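Residue numbers (the numbering used here), protein chains in the order written: chain A, 1 to 110; chain B, 111 to 227.
Structure follows, in structure tokens:
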């Protein structure tokens, strides 16, 4: 159950689009369309942003979108805003009925 | 509204035990899988365990298997995590979260467990 690989940091200017990658293996991301993404603001609990690769929960801005190709999932934030500055984690269902999280990405709005 | 409140964290010596609780409200507790997820200070998230609504399905991460036991009391709308043989690397904030369908949608605010001599 090794952690999924995410870039440590991604940055962008307000209004720009950024993409965070999440690379796993054929035992997790590659085998299941069950990738979710979480936003964690400093000192707060994580918040669900995307589930089942590309679905958005009610109340989450449509500026957030998800996709997957092979063993890599991606989260794109379009029209970047200051309030998007946070840590983001991917998560995938995996073989042996386990869950594995990504290493986390710090998003900075320049 | 859905609310999850963890409690029971604290300072414990290596090799010691601790029992965490998660009190749930705002939804039909017995209908849902619930999970424990932890986060070491300044580190990423790590899935720990989950349990089905009627406790018939239970799974653990390899890192805690054999030391931690998840359980629930649907009459009390409560989830538990019994942690034995604690190690320094178990130091973390422990969150409970609902697991409706392969994702974690509602999270508590967490309870801090510190394992240190």
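We put the beta carbon where it would ideally sit given N, CA and C, even for glycine.
The structure presented is a predicted model; accordingly, all values stated were derived computationally and were not measured.
The residue from A/51, A/106, A/22, A/101 with its alpha-carbon nearest to that of residue 1 of chain A is A/101. Among the residues of the region 146-163 of chain B, those with a Cβ less than 9 angstroms away from any Cβ of chain A are 147, 149, 153, 154, 155, 156, 157, 160, in the order of the chain. Residue 29 of chain A and residue 74 of chain A do not touch by the CB rule: their CB atoms are close to 11 angstroms apart, not below 8 angstroms. Beta-bridge partners of residue 138 of chain B (DSSP): none assigned.
In the three-state scheme derived from DSSP, where H, G and I count as helix and E and B as strand, residue 95 of chain A is classed as helix. With respect to chain A, the C-beta atom of residue 219 of chain B has a partner C-beta closer than 8 angstroms.
Sequence-ordered contacts of the region 186-216 of chain B with chain A read 205, 212, 213, 214, 215 [C-beta pairs closer than 7 angstroms]. Pairwise C-beta distances place the region 94-108 of chain A out of contact with the region 190-197 of chain B, as fewer than three of them are shorter than 8 angstroms. When the alpha-carbon of residue 143 of chain B is set against those of B/125, B/120, B/181, B/127, the nearest one is in B/181. The alpha-carbon separation between residue 173 of chain B and residue 11 of chain A amounts to approximately 33 angstroms.
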